[in-house]
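At the far end of the sequence shown sits residue 274, using the UniProt record's numbering, and the numbering has no gaps.
Data block below; observations after.
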Amino acid sequence: MPSSAAPTSASSSPEQQTAVDKALTLLKQLAEHDREIGVSELARRTGLTKSTAFRLLGILQRNDLVERVGSDYRLGTRLFDIGTRVYGPTSLLLRERLLPHLADLYELTHETVHLAVLHDTDIVYVNKIHGHRATRSPSRIGARMPAYCTGVGKALLAFDHDAAEAAIALGLTGRTEYTLTDPGAFRAELRRIRQEGIAYDRQEAALGLACVAVPVMGPGGRPVAALSVASGHRFDAARFAPALRRVAYEAGRAVIAAKAQSAAPSGLGSTPAA
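This is the structure we're talking about:
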């Protein structure tokens, strides 16, 4: 019996797509680029007519899903609000709770700093502050990356045996010539990270990019997130290790205190002074 499933937008021509398909195609194109794009260029890339693209962009703009900058368009702030909820309230709370510590790390380094969490075998960047020196990096707030080739990812996998073995089972694909792809060498690297409490990305995720990362330890001595400092591959990553350790320690204390406060019975810990 032939399948009655509707064709997916990826395999459908513009004529077969619904208005929702077309709108999502426009959003995906905007998401793939870090700059504003004009309606003519968006129409060309999506295969839509210019009039259709313009009409749909107007609807998306009214709903704050895209913003107009002159005659060009970019993703809107409403999408960011939605995106922060993709990985659940825990990631959102961590983002808000640890923002002051991320800012402290930035002030100590003036380099690009990240806050990330582990999601299955990937890491998700939940916050980022750009440094003074422009560095090409695949990291964006809300973006996912394979954990095995990033500093923050290795800092978290080192303390999560099941996730680390799952990542190895999926295959340690070489993203650059420096990526650790041998399971034995990768496990040895995770053992070193557990012993020293610090992880490095030496151009393993992207050429020209290096970073140093540490886990943020929550209740029970288990990591809940990771912080990193990133810059060009020639920067002295080890120089930032003391600042990272200090900020991660304070961030961990904040997480543990918040957890204890939320678990305390109503009224405890809030007795006014005599």
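Here a beta-carbon is modelled for each residue, glycine too, at the ideal position from N, C-alpha and C.
Assigned secondary structure, residue i (DSSP; H/G/I helix, E/B strand, else coil)
i, result
"residue 201", "strand"
"residue 225", "strand"
"residue 262", "helix"
"residue 104", "helix"
"residue 74", "strand"
"residue 158", "coil"
"residue 234", "coil"
"residue 273", "Confidence at residue 273 is low in this model, with a pLDDT of 41, below 50, so its placement is unreliable and the value that follows should be read with caution. Residue state, collapsed to three classes: coil."
Status (buried if at least 16 other CB within 10 Å, exposed otherwise) for residue i
i, result
"residue 127", "buried"
"residue 204", "buried"
"residue 218", "buried"
"residue 262", "exposed"
Among the options, nearest to residue i - alpha-carbon criterion
i, options, result
"residue 177", "159, 202 and 109", "202"
"residue 158", "199, 179 and 132", "199"
"residue 145", "131, 132, 172 and 129", "172"
"residue 169", "156, 155 and 184", "184"
"residue 215", "153, 179 and 240", "153"
"residue 151", "182, 167, 114 and 129", "114"
"residue 37", "72, 235, 93 and 232", "72"
"residue 35", "100, 179, 257 and 76", "76"
"residue 23", "245, 67, 222 and 55", "55"
Supposed close pair residue i, residue j - CB separation, criterion 8 Å
i, j, result
"residue 211", "residue 175", "Not a contact, Cβ separation roughly 14 Å."
"residue 225", "residue 116", "7 Å"
"residue 208", "residue 136", "6 Å"
"residue 111", "residue 230", "7 Å"
"residue 39", "residue 28", "About 16 Å; that fails the 8 Å criterion."
* How about the region 112 to 129 and the region 163 to 177: do they share at least three Cβ pairs that are nearer than 8 Å? -> Pairwise C-beta distances place the region 112 to 129 in contact with the region 163 to 177, as three or more of them are shorter than 8 Å.
* Any 3 or more C-beta pairs closer than 8 Å across the region 124 to 142 and the region 189 to 196 -> No: fewer than three Cβ pairs fall under 8 Å.
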